[in-house]
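The sequence shown begins at 1070 in my numbering and counts up one residue at a time.
Heads up, the thing below is written out as structure tokens.
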Amino acid sequence: MRIFLTLIWACILFIFTCSVNFHMLIKYQFIDFQINPAPDWLDLLKSDYQWSDTEWLQRKAGHMLGFFVMALLGSKFGKYRTAFYFSVLYAAVTEILQLYFFRGGRIYDVFIDTIGVLLAFLFCRNPWQFLKKSKSP
């Protein structure tokens, strides 16, 4: 069941990361895949941070949350350590795949996804301590 749920979640992440128009997906649940046969690999190196844009920050929080959940599901809440490695690998693969679907894959998104995976790992090691520290002012 763990593997099935992880695969379902991986498919959901794939849809969110590779559907051409993220806004149409969110607003109208319109999934649209278009293949880009000649992607621009330099997109991976762009550093187009938008720290003052709330929507951009929400998307990055979504990155972390999505891979946090994937790592939890795949590892069965910490029982299978390799799931954390596969989650990071999947983060890298989805960023590369975005280039083939007219989306902008970014290396920094892999790092943001990895933060979500690391948070899941820390949560699994000691969930009560993790929650207690996050409540502190």
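Glycine included, each C-beta is placed from N, C-alpha and C at the ideal position.
For residue i, the first and last residue of its enclosing alpha helix (DSSP H)
i       : result
Val1186 : Ile1176 to Arg1194
Phe1083 : Arg1071 to Cys1087
Arg1128 : Thr1123 to Ser1144
Ala1160 : Thr1151 to Leu1168
Leu1094 : Phe1091 to Tyr1097
Residue i classed as buried or exposed, judged by whether at least 16 other C-beta atoms fall within 10 angstroms
i       : result
Ala1140 : buried
Pro1108 : buried
Glu1124 : exposed
Arg1194 : exposed
Gln1127 : exposed
Leu1082 : buried
Ile1113 : Checking the sequence shown, residue 1113 turns out to be Leu, not Ile. Counting Cβ neighbours within 10 Å, Leu1113 comes out buried, since at least 16 surround it.
Asp1122 : exposed
Trp1110 : exposed
Whether residue i touches residue j by CB criterion (8 Å)
i       : j       : result
Phe1146 : Val1186 : no
Phe1102 : Cys1087 : yes
Phe1171 : Val1089 : yes
Leu1188 : Phe1155 : no
Ile1184 : Met1133 : yes
Tyr1149 : Ile1104 : no
Ile1181 : Lys1115 : no
Integer Cβ distance of residue i from residue j, believed to fall under 8 Å
i       : j       : result
Leu1166 : Thr1075 : Not a contact, Cβ separation roughly 18 Å.
inquiry  = Quick test of the definition: if touching needs 3 or more C-beta pairs under 8 Å, does the stretch 1154-1163 touch the stretch 1171-1190?
reply    = yes
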